[in-house]
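Note that our numbering has the sequence shown beginning at 5, numbered continuously upward.
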Amino acid sequence: MSSNSPPTQSDAGSLSSGPLEHGHSAVGLSRYVLFGCLAVFGAAIDLWSKSAVFAWRGLPGESDIYWVIDGYFGIETAVNIGAVFGIGAGKGLVFAAISVVALVAILVWLFRFRAAESAWLTFALGCITGGIIGNLYDRLGMWWQPNYPEAWSSGVRDWILWQASEQWKWPNFNIADSLLVTGAIMLFVQSIFFPPAAMLPAPDEKTSQKGNSDED
């Protein structure tokens with residue numbers, strides 16, 4: 005066989021690098037476990053932390069900021085009735101519906117289109133799913149009480165405060181938001197630094213190439 009024979013599909017897969025793995029085998033059980041643990045435990049930690057902090061510090065405005073690092077990082081309860089940065093205030097049910105669609109899309113991508121063959125993507129989407137579930141719980145008003153303001157019925161509980169100075173304050177956020185950002189950053193890294201390999205030759209082309217290589 006000539007040393008100049010064109011690469012086969014397996015050769016192309018071995019030459020590619022990065023988190024996205026190649027192959028068409030069934031998704032292994034370990035991927036289901038990894039995804040499930042991240043989604044379930046991520047959402048559980050988020051919901052527990054929100055309940056614990058609100059029980060400790062009270063509703064927004066009832067307690068002063070508890071500073072962990074004075075002037076920079078602290079704990080302050082807040083309710084976000086919009087999306088990121090408060091955009092879309094009062095549209096909580098719309099965001100809840102979008103969240104449900106996103107959850108379905110993630111499951112289809114992972115296990116129908118086998119994105120879960122990549123541990124990197126499984127981890128990223130597991131984090132995102134945990135974040136979606138944590139905030140969806142709040143969007144559906146499952147924490148809300150009749151004596152709370154009506155506007156909070158589809159709001160999300162936030163409690164983490166970070167600021168660079170009095171003039172540069174980041175909107176309060178929660179563990180679910182952190183999971184969403186972590187997953188989004190991982191997807192960004194995947195797309196920029198480890199894009200999918202170029203389109204491989206069609207099956208008949210690969211067969212023809214292999215036959216020509218054997219003749220050489």
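Even for Gly, the Cβ is constructed at its ideal location relative to N, Cα and C. Here the structure is a predicted model, which means the values were calculated and not measured.
Residue i (DSSP reduced to helix, strand or coil)
i: residue 95; result: coil
i: residue 141; result: helix
i: residue 172; result: coil
i: residue 62; result: coil
Start and end residues, alpha helix (DSSP H) containing residue i
i: residue 160; result: Note, residue 160: premise wrong, no alpha helix (DSSP H); beta strand (DSSP E) at 160-167.
i: residue 185; result: 179-197
Residue i vs residue j beta-carbon contact at 8 Å
i: residue 166; j: residue 174; result: yes
i: residue 53; j: residue 179; result: yes
i: residue 61; j: residue 103; result: no
i: residue 31; j: residue 115; result: yes
i: residue 38; j: residue 109; result: no
i: residue 130; j: residue 59; result: no
i: residue 98; j: residue 159; result: no
i: residue 72; j: residue 65; result: no
i: residue 145; j: residue 184; result: no
Start-to-end residues for the beta strand (DSSP E) that takes in residue i
i: residue 85; result: Element bounds for residue 85: n/a, residue is neither H nor E.
i: residue 76; result: Run containing residue 76: none; DSSP gives neither H nor E here.
beta-carbon residue i near the ligand HEM non-hydrogen atom, thresh 7 Å
i: residue 64; result: You won't find the ligand HEM in this model; it holds no ligand whatsoever.
Residue from the options with nearest C-alpha to residue i
i: residue 132; options: 34, 112, 35 and 46; result: 46
i: residue 172; options: 198, 75 and 106; result: 75
i: residue 192; options: 149, 153, 125 and 157; result: 125
i: residue 55; options: 36, 151 and 81; result: 81
i: residue 181; options: 189, 157, 147 and 139; result: 139
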